[in-house]
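Chains as they are written, first to last, in our numbering: chain A, 159 to 582; chain B, 159 to 582.
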């Protein structure tokens, strides 16, 4: 059994896929029983191809010829971004070709349209590499845990953010310093906005929510907060209280609605997610049958991503000419719960003038809004005569916290807006 | 699309599968697009069935009728043990039925025969539940990581052993005390031998090695050492030096051979496997493309195991009447490397009389065999006038260590045989 593969885009991920298909042909054939053959590569920048041994592989400088190539059974879209990626995928499907992509931005924005096109054309659309790189998390949620109602999933899904937060925690450096170094080392893009503002994590959150709950939620319904406001002070106080700060994508079921949100989160040191360091990713999934499970690995990089893309290729190739199995459909229509209704615990850091009555003033207003305190740190004043009061609340409703903070931040002795972080 | 399921054995796992198929029919249909219907249950002890709503399900007190039932497309063998489980599985395959099993003992002993029978009869044999319960590790290794040469896999695969070792570490209790309590709580079987002597882990190690290296190694080729000789003292010294003791199944490639071994192992606290507590399982897999990945969850229990069994059922059902994909074959013939050739670091605990020259005497003999020391703890004498010397070696060959210990244990001042543990 043989299967022809076309790769559009030979950048980092595409290059990894090309190299893996060329170097691991025997491994793949031995393990899978099918022969996967790289037939066609489309790349505008032909100089990217000079290091590969592409004898017998057709090379094009645009995708048109590849999409019309009868020897290509599976098209790998690895150029990323919205257009022309979407157009290429739809054209491939209309030509009866299966599609493998790593394009989380496109899936998060146009998932339903692409899924419907795959069903209409009786082809498969696969995207294991779109969430958490090398970790086979999509396969785990969609197939391995299929017998479960998913209670919740918590993901560290952006290596750049986790690297920055880990370095801040372990070195005691501030955000800007670590970001600059990460950029120098190639661990962060320039500009870094897509990562550090949380949008990349939100794309993956959208895909994860869709998989867990057989639904397609609009990307705009996901609450997104990045890591740019996390200071070294917060990281240090969290550490002192037994927590690590992680940027989490959270999806959770909640009485006929789901939560879908992305924000920096205090994770207790005893939780496995707290042990996920540097650029690594991990997803903690709680099923009603399986109980808690966790998946860990590299979320990005040439070969880790290629590992996921090639696994999709093989899954499709192993089916041969048999009809596609019933597609995973997004049959449910579930609303995303408003973030104001969120119930949880909160970390609050107040920056105040150092005079009597500060703690009392803060606690009175919190109490009035029904917010009760679980623990507190108040330190002696800084050199600049400001003091910090750090509180961790008992479970409360987000809208109550926000109403209380609106009042507190108007108090005379509050020097800067209060820092607030959610807790796992 | 509809698919009939027969369940042989309604004990803990079988009961979990029956209950999941009955209670999660809608979830399964929505997610998978196929209708899986429980058609037949065979159980000698009919009283086990009284709590389930089995309207319309045929009930038999032995497997014969089920194996001949034309409405059963997939047979779940959930009675465990070698016979009659093997006979039932072979009969089912000869009748053209797919088989799902959780029977690691049978797979480890008769894997090649069962695999060949599946190929011959053009049916599928699946066993996600046989290794690490709810964790979709077989799917991850076989499908998710298919593009990888597996460098190594390290598994905590027996919940009973991990529970005992965790409690010893965290409570400072000795082995017998914790075992007794585990038995009272139902976390350990009576007799506990299959677990604590390492045989259950060896069964899973055999399956894992076969998956990772497309080979079938004889169960007898796996070096097996259980946890019965691990004392509280070892756990405490390991802790002091920054390690946790875990019973690991290790498979590793090694220049045309593979390592396959089961033994208590010192895992550094910085490694994720050290954070796997109590009855949980985890597998750390290193692929040449993916890099390190880790999978964590419940390795046993009614519903976690059912989650895995049902995922296999759905995978088969989703294919419908399409021909089975090319089977995963065990085409390679790789030898298991002799444990004496193992290269690694070792933990050694000597029990000695407390007099001058002890450390010198030990180190002289170790040095003569080419074993060098990385770190050392020597404490003041016990109440009984014996002293302990604990050494951690640099990388060395197992046969050198063993030769050195044979000499050392004959020394006058050595009171009891030296405790030796391998390190990750």
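Don't be surprised by glycine CBs; every beta carbon is placed ideally from N, CA and C.
### Task
Buried or exposed for residue 501 of chain B, please, with buried defined as at least 16 other CB atoms from any protein chain shown within 10 angstroms of its CB.
Within the second chain, the letter at position 343 stands for residue 501 of chain B. Per the 10 Å Cβ criterion, exposed.
### Query
Are the C-beta atoms of residue 318 of chain B and some chain A residue less than 8 Å apart?
The sequence position of residue 318 of chain B within the second chain is 160, counting from 1. Answer no: the Cβ-Cβ gap between residue 318 of chain B and chain A never drops below 8 Å.
### Message
Using a Cβ-Cβ cutoff of 8 Å, what residues of the stretch 355 to 378 of chain A are near chain B? List them in chain order.
### Response
372
### Task
In angstroms with no decimal places, state the Cα-to-Cα distance between residue 493 of chain B and residue 374 of chain B.
Within the second chain, the letter at position 335 stands for residue 493 of chain B. Within the second chain, the letter at position 216 stands for residue 374 of chain B. If I take the Cα positions, the gap works out to 10 Å.
### Task
Using a Cβ cut-off of 8 Å (strictly closer), state whether residue 560 of chain A contacts chain B.
Within the first chain, numbered from 1, the residue matching residue 560 of chain A stands at position 402. By this cut-off, residue 560 of chain A is not an interface position.
### Message
I need the boundaries of the alpha helix (DSSP H) containing residue 417 of chain A, first residue and last residue.
### Response
To locate residue 417 of chain A, count along the first chain from 1; it is residue 259. First-last for residue 417 of chain A: 415 to 426, but that is the beta strand (DSSP E), not the alpha helix (DSSP H).
### Query
Along chain B, which residues have their Cβ under 7 Å away from the Cβ of residue 306 of chain A?
Locating residue 306 of chain A in the first chain gives position 148, where the first residue counts as 1. Ordered by position in chain B, the residues that pass the 7 Å Cβ test against residue 306 of chain A are 465.
### Task
Scan the stretch 178 to 193 of chain A for residues whose Cβ lies nearer than 7 Å to a Cβ of chain B and list them as they occur along the chain.
178, 182, 185, 186, 188, 189, 190, 191, 192
### Interface residues of chain B facing residue 232 of chain A [CB-CB closer than 7 Å]
Position 74 of the first chain holds residue 232 of chain A. Neighbours of residue 232 of chain A on chain B: none; closest Cβ ~14 Å, over 7 Å.
### Message
Based on DSSP bridge pairs, tell me the residues matched to residue 160 of chain B.
### Response
Taking the second chain and counting its residues from 1, the one referred to as residue 160 of chain B is at position 2. Residue 160 of chain B pairs with B:193.
### Task
Would you kindly check if the distance between the Cβ of residue 553 of chain B and the Cβ of residue 503 of chain B is under 8 Å?
Position 345 of the second chain, counted from the start, is the residue given in the question as residue 503 of chain B. Position 395 of the second chain, counted from the start, is the residue given in the question as residue 553 of chain B. Against a cut-off of 8 Å, the Cβ pair of residue 553 of chain B and residue 503 of chain B comes out as a contact.
### Message
Bridge partners for residue 404 of chain B per DSSP, in chain order?
### Response
Taking the first residue of the second chain as 1, we reach residue 404 of chain B at position 246. In the DSSP output, where bridge partners are listed per residue, residue 404 of chain B has B:423.
### Task
Closer than 7 Å, Cβ to Cβ, to anything on chain A: give me those residues from the stretch 422 to 453 of chain B, in chain order.
430, 433, 445, 447, 448, 449, 450, 451, 452, 453
### Message
By alpha-carbon positions, which one of A:421, A:422, A:409, A:402 ends up nearest to residue 430 of chain A?
### Response
Walking along the first chain from the start, residue 430 of chain A turns up at place 272. Nearest of A:421, A:422, A:409, A:402 to residue 430 of chain A, Cα basis: A:402.
#### Entry: Endpoints, alpha helix (DSSP H) assigned at residue 313 of chain B
Here residue 313 of chain B is taken as the residue at index 155 of the second chain, counted from 1. Looking at the DSSP string, residue 313 of chain B is not in any alpha helix (DSSP H); the run it does join, the beta strand (DSSP E), is 308 to 314.
#### Entry: Per-residue DSSP class, three states only, for residue 445 of chain B
Along the second chain, one-based indexing puts residue 445 of chain B at 287. Strand at residue 445 of chain B.
### Message
Tell me the DSSP secondary structure of residue 536 of chain A in three-state form.
### Response
In the first chain, the residue the question calls residue 536 of chain A occupies position 378. Note: residue 536 of chain A maps to strand in three-state DSSP.
### Task
Go to residue 546 of chain A, then tell me how far its beta strand (DSSP E) extends in each direction, as first and last residue.
Taking the first chain and counting its residues from 1, one reaches residue 546 of chain A at position 388. Start and end: 544 to 551.
### Query
Quick one: is residue 419 of chain B buried, meaning 16 or more other Cβ sit within 10 Å of its Cβ, or exposed?
In the second chain, the residue the question calls residue 419 of chain B occupies position 261. So residue 419 of chain B ends up on the buried side.
### Task
Could I get the ranges of all uninterrupted beta strand (DSSP E) runs contained in the stretch 186 to 259 of chain B, with 3 residues as the minimum, in chain order?
193 to 200, 216 to 218, 232 to 235, 256 to 259
#### Entry: Neighbourhood of residue 543 of chain B by C-beta distance below 8 Å, restricted to the same chain and skipping five residues each side
Within the second chain, residue 543 of chain B is the residue found at index 385, counting from 1. Answer for residue 543 of chain B: 511, 512, listed in chain order.
### Task
Just grab the DSSP bridge partners of residue 554 of chain A for me.
Here residue 554 of chain A corresponds to residue number 396 of the first chain, with the count starting at 1. A:502.
### Message
Give me the subset of the stretch 398 to 423 of chain B whose CB atoms are less than 7 Å from a CB atom of chain A, sorted by chain position.
### Response
none
#### Entry: For residue 495 of chain B and residue 386 of chain B, the rounded distance between their alpha carbons
Position 228 of the second chain, counting from 1, holds the residue named residue 386 of chain B. Position 337 of the second chain, counting from 1, holds the residue named residue 495 of chain B. Using only the alpha carbons, I get a separation of about 25 Å.
### Query
Which residues mark the beginning and the end of the beta strand (DSSP E) in which residue 523 of chain A is found?
As a first step, residue 523 of chain A is located in the first chain; it is residue number 365 there, counting from the start. Taken as a continuous stretch (DSSP letters only), residue 523 of chain A belongs to no beta strand (DSSP E), being part of the alpha helix (DSSP H) at 516 to 526.
### Task
Could you tell me whether the Cβ atoms of residue 327 of chain A and residue 244 of chain A are closer together than 8 Å?
For the purposes of this step, residue 327 of chain A is taken as the residue at position 169 of the first chain. For the purposes of this step, residue 244 of chain A is taken as the residue at position 86 of the first chain. Cβ atoms of residue 327 of chain A and residue 244 of chain A: not closer than 8 Å.
### Query
Looking at residue 315 of chain A and residue 407 of chain A, is the spacing between their C-beta atoms short of 8 Å?
For the purposes of this step, residue 407 of chain A is taken as the residue at position 249 of the first chain. For the purposes of this step, residue 315 of chain A is taken as the residue at position 157 of the first chain. For residue 407 of chain A and residue 315 of chain A, yes; Cβs fall inside 8 Å.
### Task
Could you work out which residue in A:560, A:516, A:185, A:445 is closest to residue 546 of chain A when comparing CA atoms only?
In the first chain, the residue the question calls residue 546 of chain A occupies position 388. The shortest Cα separation from residue 546 of chain A among A:560, A:516, A:185, A:445 belongs to A:516.
### Task
Say whether chain A places a C-beta atom closer than 8 Å to the C-beta of residue 480 of chain B.
Within the second chain, the letter at position 322 stands for residue 480 of chain B. Yes - at least one Cβ of chain A is within 8 Å of the one on residue 480 of chain B.
### Which residues DSSP lists as bridging residue 440 of chain A, in chain order
For the purposes of this step, residue 440 of chain A is taken as residue 282 along the first chain, with counting starting at 1. Paired residue(s): A:314, A:454.
#### Entry: 8 Å Cβ cutoff, residue 251 of chain A in contact with chain B
Along the first chain, one-based indexing puts residue 251 of chain A at 93. By this cut-off, residue 251 of chain A is not an interface position.
### Query
By the criterion of Cβ-Cβ separation under 9 Å, what are the contact partners of residue 315 of chain A in chain B?
Stepping through the first chain from its first residue, residue 315 of chain A is reached at position 157. The premise fails here: residue 315 of chain A is roughly 15 Å from chain B at the closest Cβ pair, so nothing lies under 9 Å.
### Task
Could you pull out every residue in the same chain whose Cβ sits closer than 6 Å to the Cβ of residue 361 of chain A, ignoring the five residues on either side in sequence?
Walking along the first chain from the start, residue 361 of chain A turns up at place 203. Cβ neighbours of residue 361 of chain A beyond the five flanking positions: 262, 263, 266.
### Task
Closer than 8 Å by beta-carbon distance: list the chain B residues that pair up with residue 472 of chain A, in chain order.
Numbered from 1 along the first chain, position 314 holds the residue referred to as residue 472 of chain A. The contacting residues are 301, 304, 305.
### Query
If we cut at 8 Å on Cβ distances, does residue 581 of chain A have a partner in chain B?
Position 423 of the first chain holds residue 581 of chain A. No, no contact with chain B.
### Query
Do you know how far the Cα of residue 377 of chain A is from the Cα of residue 417 of chain A?
As a first step, residue 417 of chain A must be located in the first chain, where it is residue number 259. As a first step, residue 377 of chain A must be located in the first chain, where it is residue number 219. Each residue's Cα considered, the two are about 13 Å apart.
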